[in-house]
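Each remark here refers to the structure printed beneath this line.
Protein chains: 2
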Amino acid sequence: MWGFSNAALPGPLPSYFILSITAAMATDASAKVIDGKSVAKQIREEIAAEVSRMKDEIGVVPGLAVILVGDRKDSATYVRNKKKACESVGINSFEVHLPEDSSEQEVLNAISGFNDDPSVHGILVQLPLPSHMKEQNILNAVTIEKDVDGFHPLNIGRLAMRGREPLFVPCTPKGCIELLHRYGVEIKGKRAVVIGRSNIVGMPAALLLQREDATVSIVHSRTKNPEEITRQADIIISAVGQPNMVRGSWIKPGAVIIDVGINPVEDATSPRGYRLVGDICYEEACKIASAITPVPGGVGPMTIAMLLSNTLSAAKRAYNLQ
Amino acid sequence: MWGFSNAALPGPLPSYFILSITAAMATDASAKVIDGKSVAKQIREEIAAEVSRMKDEIGVVPGLAVILVGDRKDSATYVRNKKKACESVGINSFEVHLPEDSSEQEVLNAISGFNDDPSVHGILVQLPLPSHMKEQNILNAVTIEKDVDGFHPLNIGRLAMRGREPLFVPCTPKGCIELLHRYGVEIKGKRAVVIGRSNIVGMPAALLLQREDATVSIVHSRTKNPEEITRQADIIISAVGQPNMVRGSWIKPGAVIIDVGINPVEDATSPRGYRLVGDICYEEACKIASAITPVPGGVGPMTIAMLLSNTLSAAKRAYNLQ
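Chains D and C are the protein sequences, given in the same order.
To convert, note that position 253 of the first sequence is 253 in UniProt numbering; the numbers rise steadily by one, no gaps.
To convert, note that position 304 of the second sequence is 304 in UniProt numbering; the numbers rise steadily by one, no gaps.
This is how it looks when you write it as structure tokens:
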């Protein structure tokens, strides 16, 4: 079983947390809820304090530039949320919105402008890009010092190598590990299984766990016995996008579960006609695991918090601040 | 059990191969010997043919530059072997030998010269460097197009990322996978365990297996139950440098074993007073595994063959040849 130090728990618990514990207890849940919303809130407060200190001490405000191409509604929502999050901690936000039929060169020009702009410390290109553009060309154009998404292969290479340090760690996997840290979950020497091997979550999450001395296995669509392997894990990070794929029988009693999946499933009782569930079958898992992130309210809020954290780090690095 | 297609076996078997099978049978061995020496010989013949074709077609001879700093005897031997291997396939070799007390700048100058030299297509800095030099600074100075060792973080990052292609794959792990390919060992969907997580072998070997759709686990010094995890593997690649660490009880019947370790152990009966053994206890493993590399004569000869292969690729790429 995992030991949780109360001292590592983030601040006072919000009221919905207590409600969720009560609801869970009614179904014999034993798992502690890893409250990403509350942790993210605390991290944003820490960042706001640092941003303020930076402004006072050297008169510099960190800046994040977001490039949005086209009119996808979901992308527009993500960009709006990032902008709001920046404002909430005092980070300046810059936005370029290009039409769907822009050329690759127009996007590259926007990136180049932000690369050269000293008031911009982080640059984020909202994905997916329109299909006529080559994602790789565009992401590679972001200067490594402002690659707050951490997707540049040079950052990934440094993440993989012992003795090297990436300038930035991709936000979602960084958020997963931060949750483990803030809840006092020991990683060193533990068996960890990462389900999914995407460039933006699964693969960097595995590299991060490996850096912290876990014994890591990566389970993916070609794995023949995912249930058997997952059941050996003390820590599970799942990022596949399959609703309720990981059943109770996949989980070792006492395991800690970080569920990155955010999958809409039909729900006639919901006003929107759907609700969001994770990759993990929560109602089964919460009876077996020792701790688990809910969906929503688990990893989701952490991703934006880590983006703000990376932007702050970029600005500090630009001015050699600790 | 693994199926081996005879069609995939390299050329006619040399006489010592048959001898070694006979000797093994006397101890109830069931494992096929994965004959790296023979495979490496065949690869070198293939490379020699390509080098010759390239010279005929466009008048270009691939060139490998090696930079040696200091007077370590083992390093001098490695450099001499690489030079001889180049000659044997018709690749030009260039060498700079700098004294032990050279400055970092002198090494960087040598690299810079080779970076700019169009007759040099691959650059290799023999490691280890003297302790007053920062390895990272020196390796990063090799232009990515000539990084035939594949150690540049940009290459490692591309190796880790789906949909990206590294310019070069590090020679020893590339040799391990090449042995599996040439012996017709299926990798996709198999459980693979890599023992050791070094930047030059274990980590890139895990990334390569992952790229080929194996389900990969990495076992290292902090792993609590290495025997239990290793016993689940269909394919084992070991690169830790501990003589005979992996015993028969660690091995699943029918597993395929690639032993990267080359460890000297005292042996009074040997004229040199020592003999070389791998990380795997060969005499136990050969009774349980379906195939295994011997030490010496397994992975060792493959490393230099892959260096030649990377140098040929670099030269072809420089002239846009297929």
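For every residue, glycine included, the Cβ atom is placed at its ideal position computed from N, Cα and C.
Asked: Chain-ordered neighbours of Pro153 of chain C on chain D, where CB pairs are closer than 7 Å; Found: Leu154, Gly157, Arg158, Met161, Arg164
Asked: Contained beta strand (DSSP E) runs [length at least 3] in the stretch 242-292 of chain C, N- to C-terminal order; Found: 256-259, 263-266, 274-277
Asked: Gly189 of chain C at chain D interface by Cβ criterion, 7 Å; Found: yes
Asked: Alpha-carbon spacing of Thr303 of chain D relative to Tyr78 of chain D, whole angstroms; Found: 11 Å
Asked: Environment of residue 324 of chain C [buried if 16+ CB atoms lie within 10 Å]; Found: In the structure as shown, chain C begins at 1 and stops at 322. Residue 324 of chain C is therefore absent and cannot be evaluated.
Asked: Span separating the alpha-carbon of Ala48 of chain C from that of Leu321 of chain D; Found: 55 Å
Asked: Residues near Ala239 of chain D by beta carbon distance below 6 Å, same chain, minus five either side; Found: Gly196, Val201, Gly202, Val260
Asked: Assigned exposure category for Glu50 of chain C - 16 Cβ within 10 Å defines buried; Found: buried
Asked: Cβ of Arg222 of chain C within 7 Å of any chain D Cβ; Found: yes
Asked: Beta-carbon proximity of Arg182 of chain D to Val39 of chain D, cut-off 7 Å; Found: yes
Asked: CA-to-CA distance, Leu154 of chain C to Leu129 of chain C, given in whole angstroms; Found: 21 Å
Asked: Beta-carbon gap between Asp213 of chain C and Lys188 of chain C smaller than 7 Å; Found: yes
Asked: Segment limits, beta strand (DSSP E) that includes Glu95 of chain C; Found: 92-98
Asked: Cross-strand partners of Val33 of chain D (DSSP beta bridge); Found: D:Ile292
Asked: C-alpha distance - Asp147 of chain D paired with Gly122 of chain D, whole-angstrom precision; Found: 6 Å
Asked: Touching by the beta-carbon criterion (3+ pairs, under 8 Å), the stretch 83-96 of chain D and the stretch 105-122 of chain D; Found: yes
Asked: Ile218 of chain C at chain D interface by Cβ criterion, 7 Å; Found: yes
Asked: Span of the beta strand (DSSP E) around Arg191 of chain D; Found: 191-195
Asked: For Ser102 of chain D, three-class secondary structure by DSSP; Found: coil
Asked: Terminal residues of the alpha helix (DSSP H) in which Gly298 of chain C lies; Found: Careful: Gly298 of chain C lies outside any alpha helix (DSSP H) and carries neither H nor E.
Asked: Contact set between the stretch 242-262 of chain D and chain C, restricted to residues whose Cβ is under 8 Å from the partner; Found: none
Asked: Cut-off 7 Å between Cβ atoms - residues of its own chain near Ser249 of chain D, not counting five sequence neighbours on either side; Found: Glu227
Asked: Residue of C:Leu308, C:Tyr274, C:Gly184, C:Arg72 minimising C-alpha distance to Ala291 of chain C; Found: C:Gly184
Asked: Min CB distance Thr230 of chain C to chain D below 7 Å; Found: no
Asked: Outcome for Gln105 of chain C when other beta-carbon atoms lying within 10 angstroms are tallied against a minimum of 16; Found: exposed
Asked: Best match in D:Arg272, D:Tyr274, D:Pro294 for proximity to Cys281 of chain D [C-alpha to C-alpha]; Found: D:Pro294
Asked: At least 3 beta-carbon pairs within less than 8 Å: the stretch 164-175 of chain C vs the stretch 164-182 of chain D; Found: no
Asked: Buried or exposed by the 16-neighbour rule on C-beta atoms within 10 Å, applied to Pro204 of chain C; Found: buried
Asked: Same chain only: Cβ atoms within 7 Å of Asn6 of chain D, ignoring 5 sequence neighbours per side; Found: Confidence in Asn6 of chain D is poor, its pLDDT being 36 and thus under 50, which makes the residue's placement unreliable; the coordinate value appears in the next sentence. Result list for Asn6 of chain D: empty, nothing under 7 Å.
Asked: Near the ligand ATP: Asn244 of chain C beta-carbon under 6 Å from a heavy atom; Found: With respect to small molecules bound, the structure shown includes none, and the ligand ATP cannot be examined in it.
Asked: Contact with chain D by Gly3 of chain C, beta-carbon distance below 7 Å; Found: Unreliable positioning characterises Gly3 of chain C in this predicted model, as indicated by a pLDDT of 33, which lies under 50. The coordinate reading is nonetheless provided below. Taking Cβ atoms only, chain D never reaches closer than 7 Å to Gly3 of chain C, which makes this a no.
Asked: When D:Glu57, D:Asp101, D:Asn137 are compared against Arg72 of chain D, the one with the closest alpha-carbon; Found: D:Asp101
Asked: Exposed unless 16 or more other CB atoms sit within 10 angstroms - verdict on Ala65 of chain C; Found: buried
Asked: N-terminal and C-terminal residue of the alpha helix (DSSP H) that Ala160 of chain C is part of; Found: 153-160
Asked: Lys37 of chain D beta carbon less than 7 Å from that of Gly278 of chain D; Found: no
Asked: Host alpha helix (DSSP H) of Ser75 of chain D (start-end); Found: 73-89
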